[in-house]
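Residue numbers (my numbering), protein chains in the order written: chain A, 2 to 572; chain B, 4 to 189.
I have placed the structure first, in the form of structure tokens, so that the comments after it can refer back to it.
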């Protein structure tokens with residue numbers, strides 16, 4: 002048996018878990034592990050970030066683009082606390098990441114030592130599980146468990162805090178090959194026969210059924226089963242923000258996405274449905290609006306791998322704790338073919354109404370607006386790029402105007418709504434999918450929260466295209482101020498740096514776009530450079546995202562974009 | 004829906020930090036804990052918690068699901084339909100510096116499953132182990148005599164009859180070998 006240090010065991014275990022890229026930042030308490038990374042540099046590529054938050058978002062982006070565990074590393078104290086936003090983001094969106102943090106030596110724990118923080122305490126509510134390792138012999142078992150917990154069931158972030166003396170301690174190392182036994186960790190798989198029978202009965206009786214497809218479909222790899230279910234009984238599919246791409250958005254049964262800024266047709270369909278089939282989604286307040294008036298006349302089936310999501314926000318008739326792929330598989334043979342033509346036509350009318358209001362083809366007389374930028378990015382990237390958004394108006398516009406055809410091609414912070422997520426997550430995604438075209442679509446506000454990672458992108462010469470939609474405002478907050486706070490624009494106008502000059506300072510080629518005609522050229526420009534590029538789209542500041550369900554309002558009570566010639570009904 | 008008391012039993016791994024995890028979940032999910040007790044079972048690697056929560060009855064399943072979701076929680080039961088025994092232990096220090104109060108305390112103790120466990124010239128300590136309602140009733144009787152100090156353990160509970168809440172889990176040999184030398188502690 003080989004004698005290895007704790008640090009070597011950490012890196013050896015990462016290799017065994019299939020990790021090829023880690024994102025991190027060194028520091029005192031994690032130095033032994035960095036020294037081990039040096040030995041393994043032919044097998045593990047370490048990406049040096051400029052802020053640990055970036056490392057956690059990169060690991061997250063890596064995980065979301067690949068479905069594999071993303072890994073980030075930080076030192077004790079401030080290094081570890083800087084990961085917290087990224088861990089919380091991953092927790093809310095069920096993204097599998099493993100974070101390894103250095104800790105002060107076991108003898109100093111609890112003494113307020115230099116760079117000591119109770120990291121397992123701080124991260125307890127924002128991780129699926131976490132560990133503080135007190136014994137080097139335990140380390141390999143802990144790392145194996147951590148990866149298993151991160152990627153199985155409802156995935157999520159797991160943090161391992163390793164004191165410096167444990168990293169330096171030497172032990173005989175043999176990689177544990179035995180089965181991982183976690184007595185309290187259960188991952189539901191199949192639905193019971195009764196549950197499946199009840200669900201299928203509701204599906205076969207329904208006249209106005211709607212499928213609500215969420216992130217769970219993607220994570221379970223159940224896209225084919227979803228499509229089969231929908232096609233067999235002609236059930237319209239609506240998806241959540243994170244469910245985008247789980248069914249090709251040009252599929253005739255895909256109505257679009259639901260919720261606060263979702264397609265009006267989806268929201269109306271949900272409100273008028275007689276059956277909701279909720280698959281791997283969690284009835285977040287951003288998709289339900291007022292719970293008291295939500296889908297009032299419908300029966301509800303809810304399938305989720307996390308039993309604590311069932312009956313949490315919405316009481317359902319048939320709750321099924323299970324893995325979507327096998328559970329839909331259980332239902333399929335019993336689902337009867339159906340047409341639902343009247344219902345589908347009814348929904349189509351809503352879609353036509355929305356098309357009338359759309360401004361994507363309007364002549365804006367030389368002005369550039371967000372919807373047209375996103376639409377044209379979609380057009381010139383042939384709708385086939387992986388887009389990673391930040392949070393705000395541009396994020397909602399991406400969801401509206403960039404239809405996706407494949408799962409795991411639209412990455413966004415849905416649950417936590419983390420500004421600053423987009424750009425670093427895009428870097429992570431590119432490491433996971435080097436052959437894909439990656440666009441970070443960000444606003445001028447969120448981009449400035451993590452733009453220091455331009456140095457990381459430049460150092461790695463990673464081919465990520467940054468599209469900054471610059472309206473000189475915190476646009477989504479501004480929109481709320483306009484509608485709900487009588488246009489008092491407190492702290493939302495932004496003085497911004499010259500983003501192109503800033504990119505130039507980082508050695509990143511850039512282009513500024515002020516006219517719609519330049520968008521095609523900007524995409525060609527970005528594609529022509531094998532490395533990071535930045536395109537700044539200077540857009541109108543006062544454009545709003547429509548439709549909009551005000552927070553807590555009824556889902557069908559949307560503020561709509563006025564039709565041509567109509568006055569805005571915003572207030 | 005009016006709130007009521009829900010009694011939850013959880014078997015957990017006897018590992019550092021587990022109590023913190025469980026308590027943190029209740030705070031985070033905004034469930035109001037009435038009492039929480041924890042101690043080892045007849046298997047030293049498994050601890051048992053009895054948690055009494057003051058909440059809407061409809062929240063019981065939510066609490067169970069959130070507890071069960073925790074990696075270190077082995078099993079969870081809500082004690083509601085089935086009959087169960089629950090006991091609270093209180094130590095009450097009462098002023099007994101005159102014969103009347105001394106006699107009063109002795110008389111009260113005879114009517115409850117209680118006894119005097121420490122007797123001095125000025126105060127005595129009464130120990131009662133009983134249902135929560137009985138403990139509270141006795142405290143109200145002792146109050147006029149003069150309670151100077153009091154401590155309660157919180158409820159522990161167990162189903163009646165042959166319904167057994169236990170786990171077959173044994174720590175696997177290789178893990179047992181590498182467990183921290185500082186031993187178990189919840």
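Cβ atoms here follow ideal geometry from the backbone N, Cα and C, with glycine treated the same way.
Taking just the CA atoms, how far does residue j sit from residue i?
{"i": "residue 189 (chain B)", "j": "residue 66 (chain B)", "result": "Legend: pLDDT at residue 189 (chain B) = 38, less than 50; position of this residue unreliable, no value from coordinates given."}
{"i": "residue 331 (chain A)", "j": "residue 191 (chain A)", "result": "8 angstroms"}
{"i": "residue 106 (chain B)", "j": "residue 87 (chain B)", "result": "35 angstroms"}
{"i": "residue 21 (chain A)", "j": "residue 148 (chain A)", "result": "14 angstroms"}
{"i": "residue 524 (chain A)", "j": "residue 382 (chain A)", "result": "7 angstroms"}
{"i": "residue 160 (chain A)", "j": "residue 207 (chain A)", "result": "45 angstroms"}
{"i": "residue 49 (chain A)", "j": "residue 289 (chain A)", "result": "40 angstroms"}
{"i": "residue 476 (chain A)", "j": "residue 567 (chain A)", "result": "23 angstroms"}
{"i": "residue 33 (chain B)", "j": "residue 498 (chain A)", "result": "43 angstroms"}
{"i": "residue 470 (chain A)", "j": "residue 490 (chain A)", "result": "19 angstroms"}
{"i": "residue 226 (chain A)", "j": "residue 5 (chain B)", "result": "43 angstroms"}
{"i": "residue 511 (chain A)", "j": "residue 403 (chain A)", "result": "23 angstroms"}
{"i": "residue 571 (chain A)", "j": "residue 543 (chain A)", "result": "Here residue 571 (chain A) scores only 49 on pLDDT, less than 50, and its place in the model should not be relied on; the value that follows carries that caveat. If I take the Cα positions, the gap works out to 13 angstroms."}
{"i": "residue 548 (chain A)", "j": "residue 57 (chain B)", "result": "41 angstroms"}
{"i": "residue 45 (chain B)", "j": "residue 180 (chain B)", "result": "21 angstroms"}
{"i": "residue 126 (chain B)", "j": "residue 132 (chain B)", "result": "20 angstroms"}
{"i": "residue 215 (chain A)", "j": "residue 325 (chain A)", "result": "11 angstroms"}
{"i": "residue 128 (chain B)", "j": "residue 122 (chain B)", "result": "7 angstroms"}
{"i": "residue 138 (chain A)", "j": "residue 118 (chain A)", "result": "24 angstroms"}
{"i": "residue 20 (chain B)", "j": "residue 232 (chain A)", "result": "49 angstroms"}
{"i": "residue 180 (chain A)", "j": "residue 555 (chain A)", "result": "49 angstroms"}
{"i": "residue 83 (chain B)", "j": "residue 10 (chain B)", "result": "7 angstroms"}
{"i": "residue 169 (chain B)", "j": "residue 186 (chain A)", "result": "16 angstroms"}
{"i": "residue 101 (chain B)", "j": "residue 147 (chain B)", "result": "14 angstroms"}
{"i": "residue 417 (chain A)", "j": "residue 305 (chain A)", "result": "20 angstroms"}
{"i": "residue 397 (chain A)", "j": "residue 466 (chain A)", "result": "19 angstroms"}
{"i": "residue 55 (chain B)", "j": "residue 38 (chain B)", "result": "5 angstroms"}
{"i": "residue 15 (chain B)", "j": "residue 485 (chain A)", "result": "48 angstroms"}
{"i": "residue 468 (chain A)", "j": "residue 427 (chain A)", "result": "11 angstroms"}
{"i": "residue 176 (chain B)", "j": "residue 9 (chain A)", "result": "24 angstroms"}
{"i": "residue 43 (chain A)", "j": "residue 161 (chain B)", "result": "58 angstroms"}
{"i": "residue 414 (chain A)", "j": "residue 70 (chain A)", "result": "17 angstroms"}
{"i": "residue 561 (chain A)", "j": "residue 136 (chain B)", "result": "58 angstroms"}
Could you tell me whether the Cβ atoms of residue i and residue j are closer together than 7 angstroms?
{"i": "residue 90 (chain B)", "j": "residue 159 (chain B)", "result": "yes"}
{"i": "residue 529 (chain A)", "j": "residue 459 (chain A)", "result": "no"}
{"i": "residue 67 (chain A)", "j": "residue 104 (chain A)", "result": "no"}
{"i": "residue 442 (chain A)", "j": "residue 430 (chain A)", "result": "no"}
{"i": "residue 90 (chain A)", "j": "residue 419 (chain A)", "result": "yes"}
{"i": "residue 53 (chain A)", "j": "residue 88 (chain A)", "result": "no"}
{"i": "residue 99 (chain A)", "j": "residue 200 (chain A)", "result": "no"}
{"i": "residue 65 (chain A)", "j": "residue 378 (chain A)", "result": "no"}
{"i": "residue 296 (chain A)", "j": "residue 271 (chain A)", "result": "yes"}
{"i": "residue 158 (chain A)", "j": "residue 128 (chain A)", "result": "yes"}
{"i": "residue 268 (chain A)", "j": "residue 557 (chain A)", "result": "yes"}
Rounded C-beta distance between residue i and residue j? I'm assuming under 8 angstroms.
{"i": "residue 235 (chain A)", "j": "residue 258 (chain A)", "result": "No, residue 235 (chain A) and residue 258 (chain A) are not in contact; Cβ-Cβ is about 20 angstroms, not under 8 angstroms."}
{"i": "residue 38 (chain A)", "j": "residue 12 (chain A)", "result": "6 angstroms"}
{"i": "residue 303 (chain A)", "j": "residue 311 (chain A)", "result": "6 angstroms"}
{"i": "residue 451 (chain A)", "j": "residue 424 (chain A)", "result": "5 angstroms"}
{"i": "residue 141 (chain B)", "j": "residue 115 (chain B)", "result": "5 angstroms"}
Does at least one heavy atom of the ligand PLP sit under 6 angstroms from the Cβ of residue i?
{"i": "residue 169 (chain A)", "result": "With respect to the ligand PLP, the structure offers nothing, as it holds no ligand at all."}
* Going along the chain, which residues of the stretch 147-166 of chain B sit with their C-beta nearer than 7 angstroms to a C-beta in chain A? -> Answer in chain order: no residues at all.
* **the stretch 307-323 of chain A: positions lying closer than 9 angstroms to chain B by Cβ** => 307, 308, 309, 310, 311, 312, 313, 316 and 322
* Which residues, taken in chain order from the stretch 73-97 of chain B, show a beta carbon closer than 8 angstroms to some beta carbon of chain A? -> Listed in chain order, the positions of the stretch 73-97 of chain B with a beta carbon within less than 8 angstroms of a beta carbon of chain A are 73, 74, 75, 76, 77 and 78.
* Asked: Using 8 angstroms as the Cβ pair cut-off and three pairs as the minimum, do the stretch 392-411 of chain A and the stretch 239-256 of chain A touch?
  -> yes
* Is the stretch 268-285 of chain A touching the stretch 206-223 of chain A, taking contact as three or more C-beta pairs under 8 angstroms? -> yes
* Contacting positions in the stretch 30-42 of chain B - beta carbon closer than 7 angstroms to chain A -> 31
* Asked: For the stretch 170-183 of chain B, which residues have a CB atom closer than 8 angstroms to at least one CB atom of chain A, in sequence order?
  -> 170, 172, 175, 177, 178, 180, 181, 182 and 183
* Asked: Is the number of C-beta pairs between the stretch 158-172 of chain A and the stretch 128-148 of chain A that are closer than 8 angstroms three or more?
  -> Segments in contact, yes.
* Taking only beta carbons into account, state which residues of the stretch 148-161 of chain A come closer than 8 angstroms to chain B, listed in chain order. => 150
* Give the residues from the stretch 12-23 of chain B that approach chain A closer than 9 angstroms (Cβ to any Cβ), ordered along the chain. => 14, 15, 16, 19, 20 and 23
* Proximal residues, the stretch 184-195 of chain A versus chain B, C-beta separation under 9 angstroms -> 184, 185, 186 and 187
* To do: Using a Cβ-Cβ cut-off of less than 8 angstroms, give me the residues of the stretch 47-75 of chain B that come near chain A, in sequence order.
  => From the stretch 47-75 of chain B, only 64, 65, 68, 69, 71, 72, 73, 74 and 75 have a Cβ closer than 8 angstroms to chain A.
* Can you list, in chain order, the residues of the stretch 88-117 of chain A whose Cβ is nearer than 9 angstroms to any Cβ on chain B? -> none
* **Where the stretch 120-146 of chain A meets chain B: residues whose CB sits under 7 angstroms from a CB there** => For the stretch 120-146 of chain A, the set of positions with a beta-carbon nearer than 7 angstroms to some beta-carbon of chain B reads 121, 125, 126, 130, 135, 136, 138, 139 and 142 in chain order.
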